Amino acid sequence: MILFDLDGTLVDTAHDLAYALNLQRQQHGLTTLPFEAIRPYASHGSKGVVTNKPRRFTQPLLENIGLLNRAKSVVCADDAARPKPYPDSLYLACEQAGVSPDICWYVGDAERDIEAGRAAGMYTVVAMYGYLGATDNPQAWGADVAIDTPLELLNLIHDAN
């Protein structure tokens, strides 16, 4: 299962990601993939949202982008005993989805996201395209991998399968 931080990290762009993935595959001499082969990774795979944003703001936002009913779990700041960087919210998301943290990935754009994911024993991905500050040093956060675009996440998932 892949868990995402919400703000600055998560967008619903399955068709755009599929197009970009195929452009990149062509540039590297690989055959393109049909959208149907990419879509499970882009929009229908197991995913959840874990955010430090209160539920009263998170729920309407997820409804507006069409993700509320597709997420296996949604954990907000007011759902867990302690917010990120503590792993409590990530553990709760795993419990809601019925999965073990050690098979999950956590994608975020803040040091607290990576700290929480590491504390939970998850594979951590720092989204360099997110809301990073000028003084942030994501290379020092200890994430397993850094990605510059959502497309790179699709490639990582594809390679992991």
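For what it's worth, my numbering labels the leading residue of the sequence shown as 3, then goes sequentially. From the three backbone atoms N, C-alpha and C, an ideal C-beta is built for every residue, glycine too. Predicted model, so just to flag it, every value in this text is computed and none were measured.
C-beta atoms of residue i and residue j nearer than 8 Å
| i | j | result |
| --- | --- | --- |
| ILE105 | LYS49 | no |
| LEU64 | VAL51 | yes |
| ARG57 | ASP81 | yes |
| VAL101 | LEU155 | no |
| LEU158 | VAL147 | yes |
| TRP107 | VAL128 | no |
Inter-residue spacing [alpha-carbon to alpha-carbon] between residue i and residue j
| i | j | result |
| --- | --- | --- |
| GLN29 | ARG84 | 45 Å |
| THR15 | ASP115 | Confidence in THR15 is poor, its pLDDT being 49 and thus under 50, which makes the residue's placement unreliable; the coordinate value appears in the next sentence. Those two C-alpha atoms are separated by around 22 Å. |
| PRO62 | PRO140 | 30 Å |
| TYR131 | TYR21 | 18 Å |
| LEU70 | CYS78 | 12 Å |
| TYR88 | GLY68 | 28 Å |
| THR33 | HIS160 | 14 Å |
| THR151 | LEU92 | 23 Å |
| LEU153 | CYS96 | 24 Å |
| ARG72 | GLU38 | 17 Å |
| ASN66 | THR60 | 10 Å |
Candidates the options: closest to residue i by CA position
| i | options | result |
| --- | --- | --- |
| TRP143 | ALA118, PRO62 and ALA95 | ALA118 |
| ASP111 | PHE37, ALA20, ILE149 and ALA121 | ILE149 |
| SER75 | GLN98, LEU69, PRO89 and LYS86 | GLN98 |
| LYS55 | ALA73, GLY123, LYS86 and GLU113 | LYS86 |
| PRO103 | ASN157, GLU113, ASP138 and ALA122 | ALA122 |
| ALA145 | ALA73, GLU113 and THR137 | GLU113 |
| LEU94 | THR53, TYR125 and ARG72 | THR53 |
| TYR125 | ASP90, ALA162 and THR137 | ALA162 |
Identity of the residues DSSP links to residue i by a beta bridge
| i | result |
| --- | --- |
| LYS49 | ILE4 |
| SER102 | Paired residue(s): none; SER102 is not in a bridge. |
| SER75 | GLY50 |
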